[in-house]
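Since the structure comes first, as C-alpha cells, the remarks are kept for the end.
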Amino acid sequence: MTRSQLLFQGEVLTIVEEEVRLPDGRRFPMQIAHHPGGAAVVAVDAHGRVCLLRQYRHVAGGYLWELPAGKLDSAEPPAATARRELREETGLSARHWRPLGTLYSSPGVFAEVIHLYLATELAAGASDQQADEYIEVHWLDLDQAVRWAGDGTISDAKTAVGLCRARQALQGAPARGAGA
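This is how it looks when you write it as C-alpha cells:
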C-alpha cells in the first residue's frame with residue numbers, strides 16, 4: 020500500500036480508499052471497511068448442547084441463529100471480549116476456554132477478524148444485554164446445530180464456522196487459524 024484516503028469515519032466502521040499493490044506489481048484503488056474485529060463463543064454444556072442466540076438483525080430482515088459474540092473494545096484482548104460477551108448476552112461463565120482460531124467475515128471488502136473460542140464447564144449467572152439487542156437464548160444439541168449450519172438454517176458465517184471448529188476440537192482435532 021502506498022496511499023490511503025479516509026472516506027468515512029463512524030462509531031464502528033472506518034472506510035478508506037487505499038492504493039493496493041498486488042504480488043505481481045499491479046496497483047489499483049480499493050475501498051476497505053475497517054472494523055475493530057470481534058470474538059465469538061461456542062459455549063457447550065456437560066450434555067453436549069450448544070448455546071445459540073436467536074437474535075433480531077435489521078440488516079438480515081429478521082432473526083438469525085448466532086453464537087454469543089461482540090465487537091472488540093480498543094484495549095481489550097480478544098479472549099476478554101469473548102468472556103464479556105458470553106456473560107452479557109447469556110449470563111454464562113466458563114471454567115475452560117480454548118481458542119478455535121480466527122476467520123475473516125468478508126475479506127474482499129472488510130478488514131474484520133473474528134476470534135473464535137470454545138467455552139466448557141459452564142456456570143449460569145445474570146445476563147446484561149445491551150439496549151440495542153433483542154436476544155433469545157436457546158440450547159441445541161451440537162450435532163444438530165452443525166446440521167443446521169450445513170442445511171442453511173444457520174446462515175451467520177461466524178456461527179457456522181465456530182460450530183464446525185468446536186465439534187472438531189471436541190473430537191480431538193487441533194484448532195487452526197485463518198489462512199492455515
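In terms of this note's numbering, the sequence shown opens at residue 20 and continues consecutively. From the three backbone atoms N, C-alpha and C, an ideal C-beta is built for every residue, glycine too. Fair warning: this is a prediction, and the values are worked out from it, not measured in the lab.
Between the alpha carbons of tryptophan 158 and leucine 71 lies a gap of roughly 6 Å. One thing to note: alanine 113 has its Cβ within 8 Å of the Cβ of alanine 138. Taking 8 Å as the cut-off, the beta carbon of alanine 192 is found no closer than this to the beta carbon of threonine 178. Taken atom to atom, the span from the alpha-carbon of alanine 143 to that of arginine 106 is near 9 Å. The continuous alpha helix (DSSP H) containing alanine 168 extends over residues 161–170. Boundaries of the beta strand (DSSP E) around alanine 138: 132–142. The beta-carbon distance between leucine 91 and valine 180, rounded to whole angstroms, is 18 Å. This is too long to meet the 8 Å contact definition. Alanine 188 counts as buried, since no fewer than 16 other beta carbons sit within 10 angstroms of its beta carbon.
Beta bridge pairing from DSSP links proline 97 with no other residue. Sequence-distant partners of glutamine 24 (beyond 5 residues in either direction) whose C-beta falls short of 6 Å from its own C-beta, in its chain, are Glu36. If you look at leucine 25, you'll find it in the beta strand (DSSP E) that goes 23–28.
Look at the stretch 37–114 and you find these whole runs of alpha helix (DSSP H), each 4 residues long or longer: 97–109. Ranking Val31, Ala176, Pro42 by CA distance to the CA of histidine 53 puts Val31 first. Between serine 146 and glutamate 108, the gap from beta carbon to beta carbon is short of 8 Å. Following the DSSP letters along the chain, one finds glutamine 190 in no alpha helix (DSSP H), marked with neither H nor E.
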